[in-house]
Amino acid sequence: MRVGAWIPSYTYKGLTYERVHEGVDLFSRKANEYGIDLWTIDHLLDAGGLYGMSWLEPLTVTTWAAAVAPDVWVGTGILVLPLRNPVVLAKEIATIDFLTGGRYQFGVGPGWYPPEFTSTGTDVSERGRRTDEILDAIDVLLTNEVASYSGEFYQFENITIEPRPKKLPDLWVAGGARVPDDEFNDVPRMAKTVLNRIMRAQWWISRCSGSQEWVKRDWKIIQDRAAELGTPTPRFSHTNFTYIVDTSDGEKAREIQHKHFRDVMGTHRTPEHLEKCYLFGSVDEIVARLNDLGSAGCEYVVLGPTHDDPAQLDLINNLIIPQLD
Numbered sequence: 001m002r003v004g005a006w007i008p009s010y011t012y013k014g015l016t017y018e019r020v021h022e023g024v025d026l027f028s029r030k031a032n033e034y035g036i037d038l039w040t041i042d043h044l045l046d047a048g049g050l051y052g053m054s055w056l057e058p059l060t061v062t063t064w065a066a067a068v069a070p071d072v073w074v075g076t077g078i079l080v081l082p083l084r085n086p087v088v089l090a091k092e093i094a095t096i097d098f099l100t101g102g103r104y105q106f107g108v109g110p111g112w113y114p115p116e117f118t119s120t121g122t123d124v125s126e127r128g129r130r131t132d133e134i135l136d137a138i139d140v141l142l143t144n145e146v147a148s149y150s151g152e153f154y155q156f157e158n159i160t161i162e163p164r165p166k167k168l169p170d171l172w173v174a175g176g177a178r179v180p181d182d183e184f185n186d187v188p189r190m191a192k193t194v195l196n197r198i199m200r201a202q203w204w205i206s207r208c209s210g211s212q213e214w215v216k217r218d219w220k221i222i223q224d225r226a227a228e229l230g231t232p233t234p235r236f237s238h239t240n241f242t243y244i245v246d247t248s249d250g251e252k253a254r255e256i257q258h259k260h261f262r263d264v265m266g267t268h269r270t271p272e273h274l275e276k277c278y279l280f281g282s283v284d285e286i287v288a289r290l291n292d293l294g295s296a297g298c299e300y301v302v303l304g305p306t307h308d309d310p311a312q313l314d315l316i317n318n319l320i321i322p323q324l325d
């Protein structure tokens with residue numbers, strides 16, 4: 001199982017240049033030393049109700065990380081597509097692809113937080129259709145010398161994007177069931193439109209806000225759909241938040257972990273809800289959950305420390321990775 005890490009580019013209250021340097025620059029350099037890939041999260045605004053803060057702009061952070069960590073993959077995990085213009089985004093993707101020498105991984109999703117859509121001139125009800133159109137438009141823009149496209153939301157004629165990648169970055173599509181939350185209209189199943197979007201990807205990113213069993217159930221649905229269509233099955237990846245505590249005492253670990261999760265996630269969800277979704281407990285408990293996913297077919301995992309201390313990478317490298325199947 002290959003391992004990546006979310007860069008903890010949190011927008012802490014009172015954020016300083018020095019803290020960003022530690023959480024982004026030093027974190028990325030250390031990840032490169034360990035051969036741990038680097039990923040970014042996209043939230044334009046503080047998504048109160050699920051998170052307690054937002055993150056720095058992901059494409060900028062991804063580019064910075066690629067410069068200071070030249071030996072690992074860098075990816076957006078995920079980029080909220082409906083907030084972006086496809087022509088501008090195609091240019092950004094091409095630029096990052098060339099700057100990274102083809103290391104960039106294009107992870108995407110439709111987003112979910114309504115204020116992010118209204119503040120950028122769209123509507124959350126359009127998110128799925130916009131996501132699919134942007135993916136179509138980017139394919140056209142980056143594979144044709146002269147590109148034209150006419151969709152419901154986006155239209156352009158005779159556009160040339162230069163440079164164009166020799167090979168499109170691998171597409172990673174997020175989606176799946178989410179543990180219901182009182183503040184949002186969550187449905188504990190994978191929508192058909194999401195399933196169809198996953199079918200066009202090289203990789204599926206399973207949701208960290210779904211329970212362990214739901215993630216495996218979603219994977220079976222994806223495999224069955226690929227078999228039905230006669231198309232290649234996307235590869236299985238998983239992203240999840242955690243805070244590694246060097247202890248075999250699960251209760252002690254949870255006490256420490258919940259403090260750091262409150263900082264990132266806020267306080268509206270119960271500890272029980274958080275533990276259904278995210279990686280809690282002792283090192284052995286976390287390893288067991290990851291290996292359980294590996295046994296189900298997961299080939300890649302991204303771990304997201306809920307604190308920006310680069311020492312979390314030491315613990316991931318020394319305690320978690322050696323025990324993964």
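Residues in the sequence shown are numbered from 1 upward in steps of one, following full-length UniProt numbering. Cβ coordinates follow ideal geometry from the N, Cα and C atoms, glycine included.
DSSP bridge partner residues for residue i (one or two, in chain order)
i: Phe236; result: Trp204, Cys298
i: Tyr10; result: Trp55
i: Ala5; result: Leu38, Leu303
i: Ser209; result: In the DSSP output, where bridge partners are listed per residue, Ser209 has none listed.
i: Thr242; result: Leu279, Pro305
i: Ser150; result: Gln155
i: Thr76; result: Thr40
Residue i - DSSP class collapsed to helix/strand/coil
i: Ile96; result: helix
i: Gly266; result: coil
i: Val179; result: coil
i: Thr160; result: coil
i: Ala174; result: strand
i: Gly101; result: coil
i: Gly48; result: coil
i: Leu319; result: helix
i: Asp325; result: coil
i: Lys167; result: coil
i: Gly121; result: coil
i: Asn85; result: coil
i: Pro271; result: helix
i: Arg189; result: coil
i: Asp249; result: coil
i: Ala66; result: helix
i: Asp292; result: helix
i: Asp71; result: coil
Residue interval of the beta strand (DSSP E) (run including residue i)
i: Gly195; result: The residue asked about is misnamed: residue 195 is Leu in this sequence, not Gly. Note, Leu195: premise wrong, no beta strand (DSSP E); alpha helix (DSSP H) at 192-198.
i: Ala311; result: Counting along the chain, Ala311 falls outside any beta strand (DSSP E), though it belongs to the alpha helix (DSSP H) covering 311-315.
i: Tyr104; result: 104-109
Boundaries (first-last residue) of the alpha helix (DSSP H) holding residue i
i: Trp214; result: 212-229
i: Leu44; result: First-last for Leu44: undefined, no H or E at that position.
i: Leu141; result: 127-143
i: Arg19; result: 17-20
i: Thr118; result: 114-118
Within-8 Å CB hit, residue i to chain D
i: Asp46; result: Among the protein chains of the structure shown there is no chain D, as only one such chain exists.
**Q.** Validate contact between the region 196-214 and the region 31-49 using beta carbons, cut 8 Å, 3 pairs
**A.** no
Q: Decide yes or no for the touch test of the region 63-70 against the region 29-43: beta carbon pairs closer than 8 Å, at least 3 of them.
A: yes
Q) Are the region 188-201 and the region 151-160 in contact at 8 Å, needing three or more beta carbon pairs? A) no
Q: Specify whether the region 209-222 and the region 167-181 touch according to this definition: at least 3 beta carbon pairs, one from each stretch, less than 8 Å apart.
A: yes
Q) Pairing CB atoms from the region 88-97 with CB atoms from the region 50-63, are three or more of them under 8 Å? A) yes
Q) On the three-pair Cβ rule with 8 Å, is the region 226-240 touching the region 305-322? A) no
Q) When the Cβ atoms of the region 236-256 are set against those of the region 289-306, are three or more pairs found closer than 8 Å? A) yes
(Q) For the structure I just gave you, are there three or more beta carbon pairs, one from the region 197-204 and one from the region 278-298, closer than 8 Å? (A) no
Q) Is the region 95-109 in contact with the region 78-86, if contact means three or more CB pairs nearer than 8 Å? A) yes
Q) Is the region 119-130 close to the region 92-102, with three or more CB pairs under 8 Å? A) no
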